[in-house]
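Colleague: Shown below is the structure under consideration.
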Amino acid sequence: MRFQDIGIAAMVAPLVAAHGGMEGVPKIFGLPRGLESDFKAPVAARVLRHASEPKGGLLETRQGGQNGRCGAAFGNAKCATGYCCSGSGYCGTTKDHCLAPDCQMDFGPACDANKAPGGATTRNDPRPQKGNVAYGGGGIYTCQKAGTVAITYDDGPYIYTERVLDQFATYGFKATFFVTGINNGKGAIDTTAAWSNVIKRMIAEGHQVASHTWSHADLSKISDAQRINEMVKNEMAIRNIIGKYPTYMRPPYSSCNAACQTTMKNLGYVISYFDLDTDDYNQLSNIQVAKDNFKRILDSTAGGPQSGDRLAIAHDIHEQTALNLTGYMLEYLKSKGYRGVTMGECMGEPEANWYRTSGEAPPANGGGSGNGGGSGNTPVSTDGSCGSGKGTCAGSTFGNCCSQYGWW
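Using the working numbering, you'd call the opening residue of the sequence shown number 160 and step up by one each time.
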């Protein structure tokens with residue numbers, strides 16, 4: 160998650176809620192724009208570095224619009240090849256210009272969001288339904304298994320994630336990590352050894368790895384093709400690390416409109432939300448508030464550890480969450496008699512349903528809508544998509560060739 164644009168040299172401040180009046184419903188939250196140097200500093204010393212007028216990396220006018228500006232607010236001017244368009248509308252090449260999700264990917268060709276993992280695309284993989292948990296739709300807010308609490312973490316991995324894993328190992332509990340592929344200038348998860356290794360450790364220790372998109376874009380504000388890219392790129396990166404990719408996802412900013420829900424259904428994703436919001440992202444200097452939130456909501460759970468359950472959210476990119484809140488949550492769960500489990504387990508799903516691998520066979524009836532009938536003939540594409548489980552370009556209005564990415 161991330162902070163919205165704020166003034167020059169402003170201090171970190173609470174964010175505007177995206178939803179109000181309902182306990183445990185998501186808000187806009189995340190990593191300050193200060194990036195790694197600020198983020199590694201003690202909380203009291205973290206002053207938000209501004210990117211409104213970058214001191215370095217400014218380009219000449221020809222590399223953007225007027226005065227080197229770019230983006231939707233500056234006549235939709237695009238930066239030259241190899242340059243990024245910062246969230247504030249400047250062309251440049253520094254980390255602050257290029258980091259996701261701030262960099263405007265439509266106007267900066269070199270934005271981190273526009274990078275792609277290596278290896279074969281997963282775009283055309285068969286995506287049959289696994290288990291009974293619905294794909295797409297309004298999403299999942301609650302667990303289904305009595306006596307369980309699924310603690311989930313968004314936005315990582317980051318430099319504090321190992322400490323989170325250490326504590327879960329001590330308590331023997333499991334977590335779910337909704338990982339983002341290339342956010343906050345940290346580098347791609349599959350080509351940065353620190354992130355690849357921690358994700359491998361998650362799997363080795365029995366945790367669940369789920370998707371939080373490639374670049375943390377708002378899935379309700381981008382095109383369908385971009386939504387697909389956000390998911391497929393993260394699939395490829397995760398696949399490059401652990402040999403499989405998730406069927407569970409959480410939308411950045413908890414934002415997934417009707418079009419997004421349809422895309423997630425088509426891609427075979429369980430849309431995951433929560434009913435216990437620690438609000439840790441707003442409590443970087445007063446983590447006790449997040450602890451109190453966890454305790455208060457857990458104590459109000461109908462049925463308690465005998466028949467109740469909770470689906471909680473926190474963020475492993477925050478130092479106080481990793482080093483303070485996590486231990487508190489685990490100890491409190493233990494003291495109350497709850498089991499700390501993955502989201503998949505709290506939904507009653509076996510681990511086999513949490514992931515896909517390329518090359519999985521489609522259902523015996525061929526899946527899809529049955530447009531091909533029982534004859535085995537491939538229907539002609541009506542939307543430009545093609546390949547396994549989709550239409551053929553042959554005889555279509557789009558041309559007769561199908562690219563390796565599944566489009567005419």
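Ideal Cβ placement from N, Cα and C applies to all residues, glycine included. These figures come from a predicted structure and were not determined experimentally.
So, is N441 buried or exposed, given that buried needs 16 or more other C-beta atoms within 10 angstroms?
Modeller: As a first step, residue 441 must be located in the sequence shown, where it is residue number 282. Its Cβ being crowded by 16 or more others within 10 Å, N441 is buried.
Colleague: Mapping the DSSP letters down to three states, classify D314 as helix, strand or coil.
Modeller: By 1-based counting over the sequence shown, the position of residue 314 is 155. Looking at D314 - three-state DSSP - the assignment turns out to be coil, as it is neither helix nor strand.
Colleague: Check whether the segment 252-261 and the segment 359-368 are in contact - that is, three or more C-beta pairs closer than 8 Å.
Modeller: Not touching, per the Cβ criterion.
Colleague: Runs of 3 residues minimum, wholly inside the segment 321-409: which ones carry the beta strand (DSSP E) assignment?
Modeller: List check, beta strand (DSSP E) in window: 335-338 and 367-370.
Colleague: Start and end of the beta strand (DSSP E) containing D468?
Modeller: Reading the sequence shown from its first residue, position 309 is the one you call residue 468. Taken as a continuous stretch (DSSP letters only), the beta strand (DSSP E) holding D468 covers D468 to H474.
Colleague: For chain D, find out if any of its Cβ atoms is closer than 8 Å to the Cβ of I476; answer yes or no.
Modeller: Absent from the structure is chain D; it holds one protein chain and no more.
Colleague: Compute the Euclidean distance between the alpha carbons of E394 and T281, then round it to the nearest angstrom.
Modeller: As a first step, residue 394 is located in the sequence shown; it is residue number 235 there, counting from the start. As a first step, residue 281 is located in the sequence shown; it is residue number 122 there, counting from the start. For E394 and T281, the distance between alpha carbons rounds to 7 Å.
Colleague: Looking only at its chain, what residues have a beta carbon closer than 7 Å to the beta carbon of Y317, apart from the 5 residues adjacent to it on each side?
Modeller: As a working note, residue 317 is residue 158 in the sequence shown. Excluding residues within five positions, the ones whose Cβ falls inside 7 Å are K345, D475 and I476.
Colleague: Flag this pair as yes or no: are the beta carbons of R228 and Y249 separated by less than 8 Å?
Modeller: On the sequence shown, position 69 is the one that residue 228 refers to. On the sequence shown, position 90 is the one that residue 249 refers to. Against a cut-off of 8 Å, the Cβ pair of Y249 and R228 comes out as a contact.
Colleague: Just mark N235 as buried or exposed, buried being the case when its beta carbon has 16 or more other beta carbons within 10 Å.
Modeller: The residue labelled residue 235 in the question sits at position 76 within the sequence shown. Exposed: under 16 other Cβ atoms inside 10 Å.
Colleague: Given this structure, state the Cα-to-Cα distance separating A481 from H375, to the nearest angstrom.
Modeller: For the purposes of this step, residue 481 is identified with residue 322 of the sequence shown, where counting begins at 1. For the purposes of this step, residue 375 is identified with residue 216 of the sequence shown, where counting begins at 1. Computed Cα separation, rounded: 21 Å.
Colleague: Go ahead and pull the three-state DSSP assignment for E195.
Modeller: Taking the sequence shown and counting its residues from 1, the one referred to as residue 195 is at position 36. Bear in mind that the predicted position of E195 carries a pLDDT of just 39, short of 50, making it too unreliable to give a figure here.
Colleague: So what's S448 in DSSP terms, helix, strand or just coil?
Modeller: On the sequence shown, residue 448 is found 289 positions in, with the first residue counted as 1. It is Val, not Ser, that sits at residue 448 in the sequence shown. Reduced to three states, the DSSP call for V448 is helix.
Colleague: For the beta strand (DSSP E) holding G568, just list the boundary residues, first then last.
Modeller: The requested residue 568 does not occur in the structure, where the chain is confined to residues 160 to 567.
Colleague: For E519, which of C302, N291, Y404 and I299 has the nearest alpha-carbon?
Modeller: For the purposes of this step, residue 519 is identified with residue 360 of the sequence shown, where counting begins at 1. Selected option, being the one with the closest Cα: Y404.
Colleague: Please state whether the Cβ-Cβ distance between Y412 and V429 is less than 8 Å.
Modeller: Reading the sequence shown from its first residue, position 253 is the one you call residue 412. Reading the sequence shown from its first residue, position 270 is the one you call residue 429. It is not a contact, given that the beta carbons lie outside the stated cut-off.
Colleague: Here's the rule I'm using: 16 or more other beta-carbon atoms within 10 Å means buried, otherwise exposed. How should N273 be labelled?
Modeller: Taking the sequence shown and counting its residues from 1, the one referred to as residue 273 is at position 114. Buried, by the Cβ-count rule.
Colleague: Just how far apart, CA to CA, sit P173 and N452?
Modeller: Walking along the sequence shown from the start, residue 173 turns up at place 14. Walking along the sequence shown from the start, residue 452 turns up at place 293. Reliability fails at P173, whose pLDDT of 31 lies under 50, so the model's placement of it is uncertain and the value that follows must be treated cautiously. One C-alpha to the other measures close to 16 Å.
Colleague: Relative to the C-alpha of V323, which residue among G298, P410 and R360 is closest?
Modeller: As a working mapping, residue 323 is identified with position 164 in the sequence shown. For the residues G298, P410 and R360, the minimum Cα distance to V323 belongs to R360.
Colleague: Look at the Cβ atom of K450, then the Cβ atom of Y497, and state whether they are nearer than 8 Å.
Modeller: Stepping through the sequence shown from its first residue, residue 450 is reached at position 291. Stepping through the sequence shown from its first residue, residue 497 is reached at position 338. No, the Cβ-Cβ distance between K450 and Y497 is not below 8 Å.
Colleague: With DSSP as the reference, identify every bridge partner of V429, one or two as the case may be.
Modeller: Counted from its first residue, the sequence shown places residue 429 at position 270. The partner list for V429 (beta bridge, DSSP) reads Y407.
Colleague: What residue does the alpha helix (DSSP H) around H477 start on, and which one ends it?
Modeller: In the sequence shown, counting from the first residue as 1, residue 477 sits at position 318. Here H477 belongs to no alpha helix (DSSP H), and DSSP marks it neither H nor E.
Colleague: So, helix, strand or coil for L484, using DSSP?
Modeller: For the purposes of this step, residue 484 is identified with residue 325 of the sequence shown, where counting begins at 1. In the structure shown, L484 sits in a helix (DSSP, three-state: H, G or I).
Colleague: Would you mind stating whether S245 and D265 have Cβ atoms separated by less than 8 Å?
Modeller: Residue 245 sits at position 86 when you count from the first residue of the sequence shown. Residue 265 sits at position 106 when you count from the first residue of the sequence shown. Result no, Cβ atoms of S245 and D265 do not sit closer than 8 Å.
Colleague: Mapping DSSP to helix, strand and coil, what is Y249?
Modeller: What you label residue 249 is simply residue 90 of the sequence shown in a count that begins at 1. Here Y249 sits in strand by DSSP.
Colleague: Check each candidate in W373, M506 and N399 and name the one with the smallest Cα separation from T516.
Modeller: By 1-based counting over the sequence shown, the position of residue 516 is 357. When each option's Cα is compared against that of T516, the closest is N399.
Colleague: Verify whether the separation of the beta carbon atoms of T422 and I387 is less than 8 Å.
Modeller: To locate residue 422, count along the sequence shown from 1; it is residue 263. To locate residue 387, count along the sequence shown from 1; it is residue 228. Taking 8 Å as the Cβ cut-off, T422 and I387 qualify as a contacting pair.
Colleague: Can you tell me whether R455 is buried or exposed, with buried defined as 16 or more other CB within 10 angstroms of its CB?
Modeller: Counting from one through the sequence shown, the residue named residue 455 turns up at place 296. R455 comes out exposed.
Colleague: What would DSSP say about R228, mapped onto helix, strand or coil?
Modeller: Your numbering for residue 228 matches position 69 in the sequence shown. In this structure, R228 counts as strand in the three-state DSSP scheme.
Colleague: Among M506, D349 and T339, which residue has its Cα nearest to the Cα of A305?
Modeller: Taking the sequence shown and counting its residues from 1, the one referred to as residue 305 is at position 146. The option with the nearest alpha carbon to A305 is M506.
Colleague: Rounded to whole angstroms, what's the CA-CA distance from G340 to A347? Just pull it up for me.
Modeller: What you label residue 340 is simply residue 181 of the sequence shown in a count that begins at 1. What you label residue 347 is simply residue 188 of the sequence shown in a count that begins at 1. Cα to Cα, G340 sits roughly 6 Å from A347.
Colleague: Determine the direct distance from the alpha carbon of Q479 to that of P285, and round the result to whole angstroms.
Modeller: Numbered from its first residue, the sequence shown carries residue 285 at position 126. Numbered from its first residue, the sequence shown carries residue 479 at position 320. Rounded to whole angstroms, P285 to Q479 spans 41 Å at the Cα level.
Colleague: Below 8 Å between beta carbons: does that hold for T437 and A473?
Modeller: Position 278 of the sequence shown, counted from the first residue, corresponds to residue 437. Position 314 of the sequence shown, counted from the first residue, corresponds to residue 473. Against a cut-off of 8 Å, the Cβ pair of A473 and T437 comes out as a contact.
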